[in-house]
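Using our numbering, read the sequence shown as starting at 77 and increasing by one per residue. All C-beta atoms, glycine included, are put in the ideal place defined by N, C-alpha and C. A quick note: this is a predicted structure, and the numbers were derived from the prediction, not measured.
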Amino acid sequence: MVVGDEGSFVGSADEPVMPYSDDTGDSVSPNYFPAKPVSQYSGAMSGGAVRDNWEHGEAYERFIGRWSSLVAVKFLDWLDVPGGLRWVDVGCGTGALSEAILDTQDPTSVSGVEPSAGFVRAVTQRLGDRATLHQAPAEDLPLLDGSADVIVSGLVLNFIPDLPAALAEMKRVAPGGIVGAYVWDYGGGMDMLRVFWEAADEVDPGGSMDEGRRFPLCRPGALVAAFENAGLDDPEVVPLEIATPFADFDALWAPFTGGQGAGPSYLASLDPDKQAALKESMRDRIQTDTDGSISLIARAWAIRASL
Ligand SMILES: C[S@@+](CC[C@H](N)C(=O)[O-])C[C@H]1O[C@@H](n2cnc3c(N)ncnc32)[C@H](O)[C@@H]1O
């Protein structure tokens, strides 16, 4: 079933943003298995010169991870699978979805797979030995054939350079099992990103890396087609919405200055004048309540299918 069809944190909020680099080399717990020597992972890019940085867990959490945790709970409710299963979280990032699985699904095991060394450090600190963590990409899962029952992925599918390879890997690891994922509705209902990219288009016409354009996979029809093309059975898509309230405009803006993820990476690539112009354009587009607070909605599209 398809519902709808279109389908320092770093410095102060007023300072120009610098590209983030993290080579802290924090220690990791024994359940961290580096599979590949990836020191700074950058996500897929389609048509832009700016790399999506995924490295610094704290800045990512302040930007998107905290909202992903809220969507994760709704997603797992909708997925509605029994307890006692073996779960894999692909592109687990800082652990939003893995933590929700551990807290609500009574799993036999949870394995997180994530290519960024910095995020593996962050999720290791967050989950300790509650999960088994691997540093690897979705296209090359370091897991045995038939070793899982449910494979999930939160806010990742659009960043995977070779999605068919990733879906084939999921099928290998959990044949006959369940796959479920969610992606932001970049083109429409993810308000904070939508307004950011509209402001970016204004101050940087032709240069903006609007995720609504970059990622066709943020629409229900495209998600279903990708799953069907991979030979997955009975794909089903639903919208999931959460409230994303901010105390004031600075509380909305500041997380964009952390340099992690697509929007903040792009912002960090602009010169200080353009960064300031983007901020003011975004401020002009935002409606505030009488007390200065801002009430936005974040919509994700969730998909599930049989492997
Ligand atoms: C928006 S974050 C989502 C992280 C986490 N799942 C969450 O819900 O907060 C996107 C994640 O995709 C990861 N990623 C990028 N390319 C990937 C690939 N080829 N395979 C697996 N994960 C990938 C990034 O490292 C990053 O952790």
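Residues of its chain near Pro-321, where Cβ-Cβ distance is below 6 angstroms and the 5 sequence neighbours each way are ignored: For the purposes of this step, residue 321 is taken as the residue at position 245 of the sequence shown. For Pro-321, where only same-chain residues beyond five positions count, the Cβ hits under 6 angstroms are Ser-371.
On the premise that Ile-362 lies in contact with Glu-317, defined as a C-beta separation below 8 angstroms, what is that separation, rounded to the nearest angstrom? Residue 317 sits at position 241 when you count from the first residue of the sequence shown. Residue 362 sits at position 286 when you count from the first residue of the sequence shown. Not quite, the Cβ-Cβ distance comes to about 19 angstroms (not below 8 angstroms), so this is no contact.
Note the first and the last residue of the continuous beta strand (DSSP E) segment covering Asp-165. Taking the sequence shown and counting its residues from 1, the one referred to as residue 165 is at position 89. Note, Asp-165: beta strand (DSSP E), 162-166.
Between the Cα of Val-255 and those of Val-126, Asp-360, Val-157, Glu-131, spot the shortest distance and give me the residue it belongs to. Here residue 255 refers to the residue found at position 179 when the sequence shown is read from its first residue. Of the listed residues, the one whose Cα sits closest to Val-255 is Val-157.
Which partner residues of Gly-188 appear in the DSSP bridge assignment? To locate residue 188, count along the sequence shown from 1; it is residue 112. DSSP, once it has assigned bridges, lists Asp-165, Leu-209 as partnering Gly-188.
When DSSP labels each residue in this structure, what does Tyr-258 get in the three-state scheme? Here residue 258 corresponds to residue number 182 of the sequence shown, with the count starting at 1. In this structure, Tyr-258 counts as strand in the three-state DSSP scheme.
Quick one: what does DSSP say Gly-368 is sitting in, helix, strand or coil? Along the sequence shown, one-based indexing puts residue 368 at 292. In this structure, Gly-368 counts as coil in the three-state DSSP scheme.
Just to confirm, are Val-126 and Met-268 a CB contact at a threshold of 8 angstroms? Mapped onto the sequence shown, residue 126 falls at position 50. Mapped onto the sequence shown, residue 268 falls at position 192. In this structure, Met-268 does not lie closer than 8 angstroms to Val-126 by Cβ.
Let's see if you can read the secondary structure: which residues bound the alpha helix (DSSP H) around Ala-353? The residue given as residue 353 occupies position 277 in the sequence shown. DSSP places Ala-353 inside the alpha helix (DSSP H), whose first and last residues are 348-361.
Rounded straight-line distance, which links the Cα of Ala-242 to that of Lys-355: Position 279 of the sequence shown, counted from the first residue, corresponds to residue 355. Position 166 of the sequence shown, counted from the first residue, corresponds to residue 242. Taking the straight line joining both Cα atoms gives about 36 angstroms.
For Trp-130, tell me which candidate among Leu-155, Trp-143, Leu-146, Gly-167 has the shortest Cα-Cα distance. Reading the sequence shown from its first residue, position 54 is the one you call residue 130. Minimum Cα distance to Trp-130 is reached at Gly-167.
Candidates Val-196, Phe-332, Arg-375, of which the one nearest Ala-276 by Cα: Counting from one through the sequence shown, the residue named residue 276 turns up at place 200. Of all alpha-carbon atoms in Val-196, Phe-332, Arg-375, the one lying nearest the alpha-carbon of Ala-276 is that of Phe-332.
Cβ neighbour criterion (16 or more within 10 Å) applied to Asp-128: Residue numbering aside, residue 128 sits at position 52 when the sequence shown is read from its first letter. It is buried - the Cβ of Asp-128 has at least 16 other Cβ atoms within 10 Å.
Would a C-beta distance cut-off of 8 angstroms place Gly-230 and Ser-144 closer than the cut-off? For the purposes of this step, residue 230 is taken as residue 154 along the sequence shown, with counting starting at 1. For the purposes of this step, residue 144 is taken as residue 68 along the sequence shown, with counting starting at 1. For Gly-230 and Ser-144, yes; Cβs fall inside 8 angstroms.
If I follow the unbroken beta strand (DSSP E) through Gly-230, where does it start and stop? On the sequence shown, position 154 is the one that residue 230 refers to. Per DSSP, Gly-230 belongs to the beta strand (DSSP E) from 226-230.
Which two residues bound the contiguous beta strand (DSSP E) that contains Ile-177? In the sequence shown, counting from the first residue as 1, residue 177 sits at position 101. Where Ile-177 is concerned, there is no enclosing beta strand (DSSP E), although the alpha helix (DSSP H) it sits in stretches over 172-180.
What do you get for Asp-180, buried or exposed, if any count of 16 or more other CB atoms within 10 angstroms of its CB means buried? Reading the sequence shown from its first residue, position 104 is the one you call residue 180. Note that residue 180 is Thr in the sequence shown here, rather than Asp. Thr-180 is exposed by the Cβ-count criterion.
Euclidean distance between Cα positions of Gly-119 and Pro-237: As a first step, residue 119 is located in the sequence shown; it is residue number 43 there, counting from the start. As a first step, residue 237 is located in the sequence shown; it is residue number 161 there, counting from the start. Unreliable positioning characterises Gly-119 in this predicted model, as indicated by a pLDDT of 43, which lies under 50. The coordinate reading is nonetheless provided below. If I take the Cα positions, the gap works out to 8 angstroms.
Which residue wins for smallest C-alpha separation from Ile-379, given the options Asp-360, Arg-295, Glu-175? Reading the sequence shown from its first residue, position 303 is the one you call residue 379. Of Asp-360, Arg-295, Glu-175, the smallest CA-CA separation from Ile-379 is found for Arg-295.
Name the one or two DSSP bridge partners that Ala-235 has. Here the question's residue 235 lines up with position 159 in the sequence shown. In the sequence as displayed, the identity of residue 235 is Phe instead of Ala. BP columns for Phe-235 are empty, so no partner.
Straight-line gap, Gly-334 to Phe-272 (C-alpha atoms, nearest Å): Position 258 of the sequence shown, counting from 1, holds the residue named residue 334. Position 196 of the sequence shown, counting from 1, holds the residue named residue 272. Cα to Cα, the separation comes out at about 14 angstroms.
Out of Gly-283, Lys-247, Glu-137, Ala-381, point me to the one whose CA is closest to Ser-345's CA. Here residue 345 refers to the residue found at position 269 of the sequence shown. Ranking the options by Cα distance to Ser-345, first place goes to Gly-283.
Give me the Cα-Cα distance between Gly-252 and Trp-163, rounded to the nearest whole angstrom. Here residue 252 is taken as the residue at index 176 of the sequence shown, counted from 1. Here residue 163 is taken as the residue at index 87 of the sequence shown, counted from 1. Each residue's Cα considered, the two are about 14 angstroms apart.
Can you grab the Cα-Cα spacing for the pair Gly-339 / Asp-365, in whole Å? Reading the sequence shown from its first residue, position 263 is the one you call residue 339. Reading the sequence shown from its first residue, position 289 is the one you call residue 365. In a straight line, the C-alpha of Gly-339 is about 25 angstroms away from that of Asp-365.
Return yes when at least one heavy atom of ligand 1 lies under 7 angstroms from the C-beta of Cys-168, else no. Translated into positions along the sequence shown, residue 168 becomes position 92. Checking the Cβ of Cys-168 against ligand 1 gives yes.
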